[in-house]
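Colleague: So that we are looking at the same thing, I have put the structure below in structure tokens.
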Amino acid sequence: MGLQLGQIVAALGGCLEGGDPQTPITRIAPLESADAHSISFLHNPRYAAQLAQTQAACVIVAPAMREAALAHGACITTPDPYAYFARLTQLWQAQQPPAWPQGVHPTAVVHPEALVDPSASVGPHCTIERGAVVGAQTVLRARVHIGQGCTIGERCILHPGVVIGADGFGFAKQNGQWQKIEQLGAVVIGDDVEIGANTCIDRGALDDTVIADGVKIDNLVQIAHNVKIGAHTVIAGNTGIAGSAKIGAHCSIGGAANILGHLQIADGTSISPTSMVTRSIHKPDLYTGIFPIQTNAEWEKNAASLKQLSQLRERIKKLEKALNALTEDK
Amino acid sequence: MGLQLGQIVAALGGCLEGGDPQTPITRIAPLESADAHSISFLHNPRYAAQLAQTQAACVIVAPAMREAALAHGACITTPDPYAYFARLTQLWQAQQPPAWPQGVHPTAVVHPEALVDPSASVGPHCTIERGAVVGAQTVLRARVHIGQGCTIGERCILHPGVVIGADGFGFAKQNGQWQKIEQLGAVVIGDDVEIGANTCIDRGALDDTVIADGVKIDNLVQIAHNVKIGAHTVIAGNTGIAGSAKIGAHCSIGGAANILGHLQIADGTSISPTSMVTRSIHKPDLYTGIFPIQTNAEWEKNAASLKQLSQLRERIKKLEKALNALTEDK
Amino acid sequence: MGLQLGQIVAALGGCLEGGDPQTPITRIAPLESADAHSISFLHNPRYAAQLAQTQAACVIVAPAMREAALAHGACITTPDPYAYFARLTQLWQAQQPPAWPQGVHPTAVVHPEALVDPSASVGPHCTIERGAVVGAQTVLRARVHIGQGCTIGERCILHPGVVIGADGFGFAKQNGQWQKIEQLGAVVIGDDVEIGANTCIDRGALDDTVIADGVKIDNLVQIAHNVKIGAHTVIAGNTGIAGSAKIGAHCSIGGAANILGHLQIADGTSISPTSMVTRSIHKPDLYTGIFPIQTNAEWEKNAASLKQLSQLRERIKKLEKALNALTEDK
Chain A
7 MGLQLGQIVA
17 ALGGCLEGGD
27 PQTPITRIAP
37 LESADAHSIS
47 FLHNPRYAAQ
57 LAQTQAACVI
67 VAPAMREAAL
77 AHGACITTPD
87 PYAYFARLTQ
97 LWQAQQPPAW
107 PQGVHPTAVV
117 HPEALVDPSA
127 SVGPHCTIER
137 GAVVGAQTVL
147 RARVHIGQGC
157 TIGERCILHP
167 GVVIGADGFG
177 FAKQNGQWQK
187 IEQLGAVVIG
197 DDVEIGANTC
207 IDRGALDDTV
217 IADGVKIDNL
227 VQIAHNVKIG
237 AHTVIAGNTG
247 IAGSAKIGAH
257 CSIGGAANIL
267 GHLQIADGTS
277 ISPTSMVTRS
287 IHKPDLYTGI
297 FPIQTNAEWE
307 KNAASLKQLS
317 QLRERIKKLE
327 KALNALTEDK
Chain B
7 MGLQLGQIVA
17 ALGGCLEGGD
27 PQTPITRIAP
37 LESADAHSIS
47 FLHNPRYAAQ
57 LAQTQAACVI
67 VAPAMREAAL
77 AHGACITTPD
87 PYAYFARLTQ
97 LWQAQQPPAW
107 PQGVHPTAVV
117 HPEALVDPSA
127 SVGPHCTIER
137 GAVVGAQTVL
147 RARVHIGQGC
157 TIGERCILHP
167 GVVIGADGFG
177 FAKQNGQWQK
187 IEQLGAVVIG
197 DDVEIGANTC
207 IDRGALDDTV
217 IADGVKIDNL
227 VQIAHNVKIG
237 AHTVIAGNTG
247 IAGSAKIGAH
257 CSIGGAANIL
267 GHLQIADGTS
277 ISPTSMVTRS
287 IHKPDLYTGI
297 FPIQTNAEWE
307 KNAASLKQLS
317 QLRERIKKLE
327 KALNALTEDK
Chain C
7 MGLQLGQIVA
17 ALGGCLEGGD
27 PQTPITRIAP
37 LESADAHSIS
47 FLHNPRYAAQ
57 LAQTQAACVI
67 VAPAMREAAL
77 AHGACITTPD
87 PYAYFARLTQ
97 LWQAQQPPAW
107 PQGVHPTAVV
117 HPEALVDPSA
127 SVGPHCTIER
137 GAVVGAQTVL
147 RARVHIGQGC
157 TIGERCILHP
167 GVVIGADGFG
177 FAKQNGQWQK
187 IEQLGAVVIG
197 DDVEIGANTC
207 IDRGALDDTV
217 IADGVKIDNL
227 VQIAHNVKIG
237 AHTVIAGNTG
247 IAGSAKIGAH
257 CSIGGAANIL
267 GHLQIADGTS
277 ISPTSMVTRS
287 IHKPDLYTGI
297 FPIQTNAEWE
307 KNAASLKQLS
317 QLRERIKKLE
327 KALNALTEDK
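Protein chains in written order, with our numbering: chain A, 7 to 336; chain B, 7 to 336; chain C, 7 to 336.
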């Protein structure tokens, strides 16, 4: 597999300088591990010093870095080298044969009343239930489950083990036992959504669970019934979002974060990994709640004190009063 | 799809007043989004004010709310409106065609020595291994795995991707390497248990892992070997329960909570989401251990102080001593 | 199923004393629940008192415990009773018929360009994509997914629902939307690796994700792209390891722990369950970061104080200054 530098520029644009367009490229690599047949990129000016050391045949850089790059060898200049790199990986991937031919794999089970666009790919062991809709060019990689009446938009990618439209977790207590509340809503997923392996998105109780366009969700994420997620929000792995939470657009939710139910998170909010959101967030910012890690010996001492923190606060208050009294006495 | 008010009362009981039994109902909806063809319910008297605004054709209410509801329109009175609502969703669901016909789907793999009740439903791509038992009216939705020798009771629902009876995580260290401890126990699941998508319940090491009747488990939950879970306990998504923990009956475990191994949790205990249970709990109460979330800037300051909390406590102690000495001096 | 004591010693070594080699054993059991047909083991000298009470026909003990054991009945002495017990479970398991016959189950989908060793077992509904390699005696239990170009070593066990080689989570922001960075690396897994149910290991972005020999990973673990995990490290359930983290050999990562991306963890490090590793760890030790659990009432008070902890520290500092001034005054 490989491409010539000239083919890359022909496909993706940018300006090639200081190198022969026929130079064969066999690898995309980070600056530090690139070899003479690699193309690399400089995204963050902080790493500019790596330009001098890299063995790369060509480096994708912003115009401001053009001279520094040319001092070393060939470069492609482009306003956003990281986005260019992303498109280059897509060009590279397009050369690879697909894992499975387009269309519905013979081991997939598709209900006759489901609607799968002819340009969609449905991999081995997928199940698509009655009334489900899968949009154009969407790819269900392998054993993806699309529950009854759920809708997946266009150009989505669902990785192996994804479960869309299992029942939300709803029960009514009656005489100490749990009556099932049947989940009568569905899941509606927009266009250009990617959903990681073994992630689950439950159907709504009465209304739908809704994932807007361009949302990217990592592996093993749990999205409960009636959640709404705004466009272009990213959610890292192991995260849990409880029922009826409403996450804004352009948010960034760190891995293993958790968001309580019935909350609202403002557009553009970032949540640090493993943090627990217990109240609505109306002002976009980066929010964090992580217990700092220490050696276990140190932690034990601090955790013991933490259990008495409100008492410590009382003791400080008392000290302040007593000291005030002493000072006034004088 | 729809039902007349009279059909609902005929099926579920309750007393219909102020409305025509032939009124067609096409939707179950919350009070605030109900329309003239919706039936709604008032569960929490706190929301009684919504009665005045709702467009619902009929509202399910407790007898105490009868008058307020009638002032608006039709109502069904019943002692427990939320449980009535739950049963109404079941009535509604029963009208829908099932995702797959009853019985064993042709793509399921059932070992000839497994015992599947003829009234059970086994969806596409399920695997049921040798010696496993699946009880009457139990539903395995799709690609559910029931390991060798495991038992599922009656009227259970297992959602897509559930894995029952994978090996527990047991190894013995020998010369810096790990010897596998084969997991010789099984999993025994009672009646009326519901298990969410992609949840895993491991087989016991020597004895069995046991889930009692009426337990409800959400998605992506990890239940390790030899855990025992008491009847009618609910466990929300992403939770992890480590080996040999014994959870009581009627407990409520919040999402992404974790329970260490070999602990006991008293009947009726509640654990807040994301909290880590590090010791046995003998007295039922609500227990919490969540690092409060703040803006990252605030968090950084507080987390830094937290790492020195036991020192702060020492400084307070010193201050108290010094102040005492001063006061006594006078 | 059963074995005679003499058969056990013949297969596993050790020295049988005080018992008839023809004694039939039908169960392996803990000391406290063993019966007259059980074999048990004493691993931890702390539990030596249980020797006197056990009903076991034979107990596996270290030589130092030989006399105490013989006072009760038969024993097998061996330097490492726990490792002996592990091997005994393997001997036991080998008597059971396998869940599925060796070889590739007819419902598995194996790409013609994948390379599966003839001694490997591929269970129902597995998918093995183009260019993937599965080593000798490796077992894929059921619906395991091995992505394009990924390599699994010898004698590995992959439990149901495992996903190897889904795309890593990589996107470049462009005009507020996310461009996919195609994941061009693969996953390389060494020998003797065990991977728990529904665990996901993503393919690398440019280079590979690498799991070294002897690593044991529990259920529902998320391992992101380009992670490297050193030999014989164990990782408990629900854990998340973010992209490009480099975990050493012989580490022990507790359940639901999380490790940020691009960190390094020294060989031999232990991380407590649910702890969040936010910086590299260069010195092996046990590290912990857990918010201590309390009743919710106590927690509320302490959590409120925690949000002002850095202010409390300032107040202590002020008190110290004021007290100093007072003392110097005198």
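From the three backbone atoms N, C-alpha and C, an ideal C-beta is built for every residue, glycine too.
(1) Beta-carbon separation of residue 207 of chain C and residue 229 of chain C under 7 Å?
(2) If we require 4 or more residues per run, which alpha helix (DSSP H) segments fall completely within the segment 245-290 of chain C?
(3) Assign residue 91 of chain B to one of three DSSP states: helix, strand, or coil.
(4) Under 8 Å by Cβ, that's how I've got residue 214 of chain B and residue 192 of chain B pegged, so tell me the actual separation to the nearest angstrom.
(5) Just the Cα atoms here: how many angstroms apart are residue 205 of chain A and residue 204 of chain C?
(6) Is residue 121 of chain B helix, strand or coil when you go by DSSP?
(7) Shortest alpha-carbon distance to residue 46 of chain A belongs to which of A/167, A/304 and A/87?
(8) So with CB distances below 9 Å, who are the chain A contacts of residue 270 of chain C?
(9) In chain order, what residues of the same chain lie with their CB nearer than 8 Å to the CB of residue 25 of chain A, ignoring the 5 residues before and after it?
(10) Would a C-beta distance cut-off of 7 Å place residue 170 of chain A and residue 153 of chain A closer than the cut-off?
(11) For a minimum of 4 consecutive residues, which ranges assigned as the alpha helix (DSSP H) are wholly contained in the segment 7-56 of chain A?
(12) Hey, out of A/293, A/183, A/221 and A/184, whose CA is closest to residue 199 of chain A's CA?
(13) Should residue 93 of chain B go down as buried or exposed, given a rule of 16 or more other Cβ atoms within 10 Å for buried?
(14) At the level of alpha carbons, what is the spacing between residue 155 of chain C and residue 174 of chain A?
(15) Just to confirm, are residue 224 of chain C and residue 237 of chain C a CB contact at a threshold of 7 Å?
(16) Assuming residue 325 of chain B is part of the alpha helix (DSSP H), what are its boundary residues?
(17) Excluding the 5 residues preceding and the 5 following residue 67 of chain C in the sequence, name in chain order all residues of the same chain whose CB lies nearer than 7 Å to its CB.
(18) What do you reckon, are the CB atoms on residue 150 of chain B and residue 132 of chain B nearer than 7 Å?
(19) When you compare only the Cα positions, how much space is there between residue 260 of chain A and residue 245 of chain A?
(20) If you measure from the beta carbon of residue 222 of chain C to each beta carbon in chain B, is any gap under 7 Å?
(21) Taking only beta-carbon atoms, is residue 317 of chain C less than 7 Å away from chain A?
(22) So, with DSSP's three-state summary, where would you put residue 292 of chain B?
(23) Counting pairs of beta carbons, one from the segment 254-274 of chain C and one from the segment 307-314 of chain A, are three or more of them closer than 8 Å?
(24) Do the segment 90-105 of chain A and the segment 114-125 of chain A touch if we need at least three Cβ pairs shorter than 8 Å?
(25) Count the other CB atoms within 10 Å of the CB of residue 52 of chain A; is the residue buried (16 or more) or exposed (fewer)?
(26) Give the residues of chain D in contact with residue 22 of chain B, contact being defined as C-beta atoms less than 7 Å apart.
(27) For residue 321 of chain B and residue 331 of chain C, what's the separation of their Cα atoms in angstroms?
(28) Considering only C-alpha positions, which residue in the set A/114, A/217 and A/55 is nearest to residue 38 of chain A?
(29) Under the rule that 16 or more other beta-carbon atoms within 10 Å means buried, what is residue 8 of chain B, buried or exposed?
(30) Given this structure, state the Cα-to-Cα distance separating residue 263 of chain C from residue 269 of chain B, to the nearest angstrom.
(31) Mapping DSSP to helix, strand and coil, what is residue 190 of chain A?
(32) Let me know if residue 69 of chain C comes out buried or exposed under the rule of 16 or more other beta-carbons within 10 Å of its beta-carbon.
(33) Could you check how far apart the C-beta atoms of residue 2 of chain B and residue 297 of chain A are, in whole angstroms? I think they sit under 8 Å.
(34) Cβ of residue 165 of chain A less than 7 Å from any chain C Cβ?
(35) Under three-state DSSP, which class holds residue 303 of chain A?
(36) Count the other CB atoms within 10 Å of the CB of residue 231 of chain A; is the residue buried (16 or more) or exposed (fewer)?
Modeller: Here's the rundown:
(1) Yes. Within cutoff.
(2) Considered as a whole, the segment 245-290 of chain C harbours no complete run of any alpha helix (DSSP H) with no fewer than 4 residues.
(3) Correct three-state label for residue 91 of chain B: helix.
(4) 5 Å
(5) 10 Å
(6) Note: residue 121 of chain B maps to strand in three-state DSSP.
(7) The residue with the shortest Cα to Cα distance from residue 46 of chain A is A/87.
(8) Within 9 Å Cβ-Cβ: nothing; residue 270 of chain C doesn't reach chain A, min ~14 Å.
(9) 11, 63, 64, 79, 80 and 81
(10) The answer is yes: Cβ separation under 7 Å.
(11) The segment 7-56 of chain A contains these whole alpha helix (DSSP H) runs: 11-18.
(12) A/221
(13) buried
(14) Distance between residue 155 of chain C and residue 174 of chain A, taken at the CA atoms: about 36 Å.
(15) no
(16) 315-335
(17) 48, 75, 81, 83 and 87
(18) Yes.
(19) CA-CA distance, residue 260 of chain A to residue 245 of chain A, rounds to 8 Å.
(20) At least one chain B Cβ lies under 7 Å of residue 222 of chain C.
(21) no
(22) Assigned with DSSP and collapsed to three states, residue 292 of chain B falls in strand.
(23) no
(24) Counting Cβ pairs under 8 Å, fewer than three are found: no touch.
(25) Counting Cβ neighbours within 10 Å, residue 52 of chain A comes out exposed, since fewer than 16 surround it.
(26) Included in the structure are the protein chains A, B and C, with no chain D among them.
(27) 16 Å
(28) A/55
(29) exposed
(30) 19 Å
(31) coil
(32) exposed
(33) Lying before the first or after the last residue shown, residue 2 of chain B is absent from chain B, which here runs from 7 to 336.
(34) yes
(35) helix
(36) buried
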